[in-house]
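These notes are about the structure you will find just below.
2 protein chains.
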Amino acid sequence: MGFLDKLNIFNKVRVVLSHTTHPGNIGAAARAMKTMGLQHLYLINPRHFPDPQATAMAAGADDVLQNTVVCDSIDEALQDVVLTVGMTARLRDISNEVLAPREAMPQVLQQAASHPVALLFGTEMSGLTNEEVSRAQMLVNIPANPDFSSLNLASAVQVISYELAVAAQTFQPVAQTLQPAAHEQVEGFMLHLEKTLHEIGFFTTQNPARMMQRLRRLYARARLEADEINILRGILSVTTEYNARLKARYRQDHDV
Amino acid sequence: MGFLDKLNIFNKVRVVLSHTTHPGNIGAAARAMKTMGLQHLYLINPRHFPDPQATAMAAGADDVLQNTVVCDSIDEALQDVVLTVGMTARLRDISNEVLAPREAMPQVLQQAASHPVALLFGTEMSGLTNEEVSRAQMLVNIPANPDFSSLNLASAVQVISYELAVAAQTFQPVAQTLQPAAHEQVEGFMLHLEKTLHEIGFFTTQNPARMMQRLRRLYARARLEADEINILRGILSVTTEYNARLKARYRQDHDV
Chain P
13 MGFLDKLNIF NKVRVVLSHT THPGNIGAAA RAMKTMGLQH LYLINPRHFP DPQATAMAAG
73 ADDVLQNTVV CDSIDEALQD VVLTVGMTAR LRDISNEVLA PREAMPQVLQ QAASHPVALL
133 FGTEMSGLTN EEVSRAQMLV NIPANPDFSS LNLASAVQVI SYELAVAAQT FQPVAQTLQP
193 AAHEQVEGFM LHLEKTLHEI GFFTTQNPAR MMQRLRRLYA RARLEADEIN ILRGILSVTT
253 EYNARLKARY RQDHDV
Chain X
13 MGFLDKLNIF NKVRVVLSHT THPGNIGAAA RAMKTMGLQH LYLINPRHFP DPQATAMAAG
73 ADDVLQNTVV CDSIDEALQD VVLTVGMTAR LRDISNEVLA PREAMPQVLQ QAASHPVALL
133 FGTEMSGLTN EEVSRAQMLV NIPANPDFSS LNLASAVQVI SYELAVAAQT FQPVAQTLQP
193 AAHEQVEGFM LHLEKTLHEI GFFTTQNPAR MMQRLRRLYA RARLEADEIN ILRGILSVTT
253 EYNARLKARY RQDHDV
């Protein structure tokens, strides 16, 4: 594919760094991105930004830093995103599939041909939190020395951006028939689902947090479409109404 | 291939950094190497080493730094090496073939299965010198944004080490029938060749430096075997002797 087509797709790719400790790593990540043609950097609550160290390490990728979007929450950083790829040091996850970069990047490009996607990196010390992992539809692990697997944050950004750029050289977009749901639509559904499960008394015998985690993973794997979200929320609404009607009839019958 | 076989091959791979300016980059390169299972770092005239910044950026790859070999010259750093891979920001070279990392790394593994190989990186600002390029049998370019192609040195080491590690996952060594010549054997031949060409008066009509550069490239592409070096040097010796005999006969005939 030509370089201009690639730029067009790369324009839909954002790199999201969560709670970065060292500003130098932010600048180095910006440089790594720009060498591979990526330009959209989002930061979730960085400890220091803007910062002279970030600028020094960017070494000419000042435009990336100047356009960086600083966010208060992961949901803000993932606004409009239809595919979130979480980077993990683990080879396996409880139930999410963990892919190698080379397997994942063609799928990332396929989505980015039409919708925003996010490459999500955790902190230098501990990576992504469980909550952050739960926002990802795909997890990626950079294969590494089992005795020393911790890549520098900017090095990880470099490897992933490089894999994306190399994948783009041979990428041919497939016409999409699906309309994937945006991050905020998925989150709206999850809230609705949790509220409904509370209302119908489902959580009286279940641990709500653990159950929601499992349901999140199920729907993350499914990669929900916008239409499907409407259907599922319709079911939830009817469930609650049905439940409300039952309650009303119960009150009527028992005269309470 | 198993992880132990990989370690065995990786034990024959050295990363050579020439005239590195910033000690932090040396430490970051050591970390990048170790995350991918590489351990042998050689430095040619680093500006500062050892240095606290190098140690800080190594972030646990102290063993790599402790075993680092500091050299005075490129020939010292390439002692015993049969394949030197030079990293270049250029997409093409006058006559050397320039490969992508993904094309080059299986060949590097193939050589490293039996003999030492070197991955050679130039300075942060200007990369490899022409003299250094002339010591390489293979040049590798990391594909990058044409408007901003300068990767951080440690990031480049990370990408190359990563490609080597990924290539090693599927690598199957082919039994080698050739005995490639070591770096110092090639250099010995080049000196012998240059001396001989002087003696026979070849350089009277040629620019010696440019001609030697061209001959170097020719033999770099050929990937000389140890036996072939012996043959070529034998030819050179006979040439000089023949020349000496001619001179002696001339002196005799003309009574000078």
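Chain order of the listed sequences is P and X. Numbered per my numbering, the first sequence spans residues 13 to 268. Numbered per my numbering, the second sequence spans residues 13 to 268. Ideal Cβ placement from N, Cα and C applies to all residues, glycine included. Values in this document were obtained by computation on a predicted structure and should not be read as measured data.
Exercise. Beta carbon of T47/X, beta carbon of F160/P: below 7 Å?
Worked result: yes
Exercise. Would DSSP call F22/P helix, strand or coil?
Worked result: helix
Problem set entry | CB contact check: Q218/X to chain P, cutoff 7 Å | no
Exercise. So what does DSSP say about H60/X, is it helix, strand or coil?
Worked result: coil
Exercise. Under the three-state reduction of DSSP, which class applies to P158/P: helix, strand or coil?
Worked result: coil
Problem set entry | For D92/P and F61/P, the rounded distance between their alpha carbons | 24 Å
Exercise. At a Cβ threshold of 7 Å, is S273/P touching chain X?
Worked result: No answer is possible for residue 273/P: it lies beyond the span of chain P, which begins at 13 and ends at 268.
Problem set entry | Reference L151/X, options N219/X, R235/X, A116/X, closest by Cα | A116/X
For this session: Quick one: list the residues of chain P neighbouring A40/X, beta-carbon separation under 8 Å, in chain order.
Result: N164, S167
For this session: Would you kindly check if the distance between the Cβ of V94/X and the Cβ of Q123/X is under 7 Å?
Result: yes
Exercise. Which bits of chain X does G72/P rub up against, with CB to CB less than 7 Å?
Worked result: F160
Exercise. Can you name the residues that DSSP bridges to V28/X?
Worked result: Y54/X, L132/X
Exercise. Does any C-beta atom of chain X lie closer than 7 Å to the C-beta of A179/P?
Worked result: no
Problem set entry | Inter-residue Cα distance where the pair is Y254/X and L248/X | 10 Å
For this session: State the beta-bridge partners of V110/P as determined by DSSP.
Result: L151/P
Exercise. Since A179/X contacts L121/X with CB under 8 Å, what's their CB separation in whole angstroms?
Worked result: 6 Å
Problem set entry | Contained alpha helix (DSSP H) runs [length at least 4] in the region 69-96 of chain P, N- to C-terminal order | 74-78, 86-89
Exercise. Cα-Cα, which of T100/X, N79/X, M202/X is closest to A42/X?
Worked result: N79/X
Problem set entry | Among L227/P, M99/P, L131/P, the one whose alpha carbon lies nearest that of L53/P | L131/P
Problem set entry | Residues, ordered as in the chain, of the region 18-31 of chain P that lie near chain X by beta-carbon distance below 7 Å | none
For this session: Give the straight-line distance between the Cα atoms of H210/X and G200/X, rounded to the nearest whole angstrom.
Result: 16 Å
Exercise. In chain X, what lies closer than 7 Å to V171/P by C-beta?
Worked result: Q170, V171, Y174
For this session: For N157/X, decide whether its Cβ has a neighbour in chain P, counting only Cβ atoms nearer than 7 Å.
Result: yes
Exercise. For A40/P, which of M224/P, S167/P, A238/P has the nearest alpha-carbon?
Worked result: S167/P
Problem set entry | Under 7 Å from the C-beta of R43/X: neighbouring residues of chain P | N164
For this session: Work out the CA separation of E88/X and L77/X for me, nearest whole Å.
Result: 18 Å
Problem set entry | Where R1/P falls, given that 16 or more other Cβ within 10 Å makes a residue buried | The requested residue 1/P is not part of the displayed model; chain P covers only 13 to 268.
Exercise. What is the DSSP secondary structure of G98/X, reduced to helix, strand or coil?
Worked result: strand
For this session: Could you check the C-alpha separation between E144/X and I86/X for me, to the nearest Å?
Result: 7 Å
Exercise. What number of angstroms, rounded off, separates the C-alpha of P113/X from the C-alpha of E175/X?
Worked result: 7 Å
For this session: Indicate whether at least one CB of chain X lies closer than 7 Å to the CB of T182/P.
Result: no
For this session: Report the option in S138/P, L111/P, D74/P whose CA atom is closest to the CA atom of T33/P.
Result: S138/P
Exercise. When the Cα of G213/X is compared with those of K259/X, L140/X, L29/X, F133/X, which residue comes out closest?
Worked result: K259/X
For this session: Output yes or no for whether 7 Å exceeds the beta carbon distance between L103/X and N153/X.
Result: yes
Problem set entry | Check whether E237/X and Q184/X have beta carbons under 7 Å apart | no
For this session: Give the secondary structure of P192/X by DSSP, where H, G and I count as helix, E and B as strand, and everything else as coil.
Result: strand
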